[in-house]
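Q:
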Amino acid sequence: MPAEAEALIEAARALDALGFMPSKSGNLSVRTARGCLITPAGLPYADTRPADLVEIGLDGAVLAGHRRPSSEWRLHTAVYAARPEAGAVVHTHSPLATALSCARQGIPPFHYMIALGGGADIRCAGYATFGTAALAEACVAALEGRRAALLANHGVVALGATLAGARALALEVENLARQYLALRAAGLVPVLLDEAELAAVLAQFGDYGRVA
Numbered sequence: 256m257p258a259e260a261e262a263l264i265e266a267a268r269a270l271d272a273l274g275f276m277p278s279k280s281g282n283l284s285v286r287t288a289r290g291c292l293i294t295p296a297g298l299p300y301a302d303t304r305p306a307d308l309v310e311i312g313l314d315g316a317v318l319a320g321h322r323r324p325s326s327e328w329r330l331h332t333a334v335y336a337a338r339p340e341a342g343a344v345v346h347t348h349s350p351l352a353t354a355l356s357c358a359r360q361g362i363p364p365f366h367y368m369i370a371l372g373g374g375a376d377i378r379c380a381g382y383a384t385f386g387t388a389a390l391a392e393a394c395v396a397a398l399e400g401r402r403a404a405l406l407a408n409h410g411v412v413a414l415g416a417t418l419a420g421a422r423a424l425a426l427e428v429e430n431l432a433r434q435y436l437a438l439r440a441a442g443l444v445p446v447l448l449d450e451a452e453l454a455a456v457l458a459q460f461g462d463y464g465r466v467a
């Protein structure tokens, strides 16, 4: 899986450079025929090489690799098990979306781009300790009918049919969080889009040529 490995490392380094994955936080994976290929635990992304990535089964068993998989392997495998359309999962600690998650609030439909997340909002999952099955369960619940969610007091999860799609969505979640918090900081009350308008946006996205 040399191409998948290189793409995973490139995406991790790019998100790290943006400040989305500080201090070795965050993790990425891509689905494989046997499970998924995931970033390793505790290794700076600048130092990560293809041989450092770990392939695991959806039960968490290590199938290939000499390092420990990310501590969030349960979250990744739970998403793949629940969402057969998911080909990649990106988990970041991007600053503004993470700040919003620390208030345990999601992002409402104040902007039409919210529909990129698959529905009328981006939910905030219930809190659970990192790396646990409880967090994986909370994440899957928050992602029901969605492609992105916040994790309370933690960060962001985005899924996509492709790694490029999951990465692009993680970037857009941070952008939406920035805009939403700017509105609130200015004391403005956003006018939320209704269900009919969001349905129209979702229909438009079907012809938009977006990366899935």
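Under the working numbering, the first residue of the sequence shown carries the number 256, and numbering increases by one thereafter.
Glycine included, each C-beta is placed from N, C-alpha and C at the ideal position.
Quick check on this structure: which residue in Ala-370, Ala-437, Leu-414 and Val-309 has the alpha carbon closest to the alpha carbon of Leu-457?
A: Comparing Cα positions, the closest option is Ala-370.
Q: Which value, in whole angstroms, describes the spacing of the CA atoms of Ile-311 and Arg-286?
A: Each residue's alpha carbon lies about 10 Å from the other.
Q: Whole angstroms is fine: what's the gap from Ala-454's alpha carbon to Lys-279's?
A: Going from the Cα of Ala-454 to the Cα of Lys-279 covers about 38 Å.
Q: Look up Ala-451 in the DSSP assignment and say whether it is helix, strand or coil.
A: DSSP places Ala-451 in helix when its eight states are reduced to three.
Q: Can you check DSSP and say which residues form a bridge with Glu-427?
A: In DSSP, Glu-427 forms no bridge with anything.
Q: For Gly-372 and Leu-318, I'd like the C-alpha separation in whole angstroms.
A: So the alpha carbons of these two residues sit roughly 32 Å apart.
Q: Could you pull out every residue in the same chain whose Cβ sits closer than 7 Å to the Cβ of Gly-297, ignoring the five residues on either side in sequence?
A: Excluding residues within five positions, the ones whose Cβ falls inside 7 Å are Lys-279.
Q: Spatial neighbours of Leu-351 within its chain, please: CB distance less than 7 Å, with the 5 preceding and 5 following residues excluded, ordered by chain position.
A: Excluding sequence neighbours, Leu-351 sits near Glu-429, Ala-432, Arg-433 and Leu-436.
Q: For Thr-387, collect the residues of the same chain with a Cβ closer than 8 Å to its Cβ; drop the 5 residues on either side in sequence, then sort them by chain order.
A: If we look at Thr-387 and ignore the five residues flanking it on each side, its Cβ neighbours are Arg-329.
Q: Could you check which residue in Met-368, Pro-305 and Ala-358 has the C-alpha nearest to that of Leu-448?
A: It is Met-368 whose Cα lies nearest to the Cα of Leu-448.
Q: I need the boundaries of the beta strand (DSSP E) containing Leu-405, first residue and last residue.
A: From DSSP, the beta strand (DSSP E) with Leu-405 extends over 403-406.
Q: Have a look at Met-276 and Ala-407 and give me their C-alpha separation to the nearest angstrom.
A: Those two C-alpha atoms are separated by around 16 Å.
Q: With Ala-403 and Ala-380 assumed to form a contact (beta carbons below 8 Å), what rounded beta-carbon distance in angstroms separates them?
A: No, Ala-403 and Ala-380 are not in contact; Cβ-Cβ is about 11 Å, not under 8 Å.
Q: Quick one, which of Glu-392, Leu-424, Tyr-335 and Gln-360 has its alpha-carbon nearest Thr-347's?
A: When only C-alpha atoms are compared, the closest one is Leu-424.
Q: Let me know the beta strand (DSSP E) ranges lying completely inside the segment 277-330, each 3 residues or longer, listed in chain order.
A: Fully enclosed beta strand (DSSP E) runs of 3 or longer: 282-286, 290-293, 309-312 and 317-319.
Q: Determine the closest residue to Phe-365 out of Leu-414, Glu-452 and Phe-460, with distance taken between C-alpha atoms.
A: Of the listed residues, the one whose Cα sits closest to Phe-365 is Glu-452.
Q: According to the neighbour-count rule (16 or more other Cβ atoms, all chains shown, within 10 Å of its Cβ), is Ala-383 buried or exposed?
A: Ala-383 should be labelled buried.
Q: Three-state secondary structure (DSSP) at Leu-273?
A: Note: Leu-273 maps to coil in three-state DSSP.
Q: What do you get for Leu-443, buried or exposed, if any count of 16 or more other CB atoms within 10 angstroms of its CB means buried?
A: Exposed, by the Cβ-count rule.
Q: Just reading off the alpha helix (DSSP H) that Val-505 is part of, what are its end residues?
A: For the chain, the structure presents residues 256 to 467; residue 505 sits outside this window and is missing.
Q: Thinking C-beta only, is Leu-426 closer than 9 Å to Ala-343?
A: In this structure, Leu-426 does not lie closer than 9 Å to Ala-343 by Cβ.
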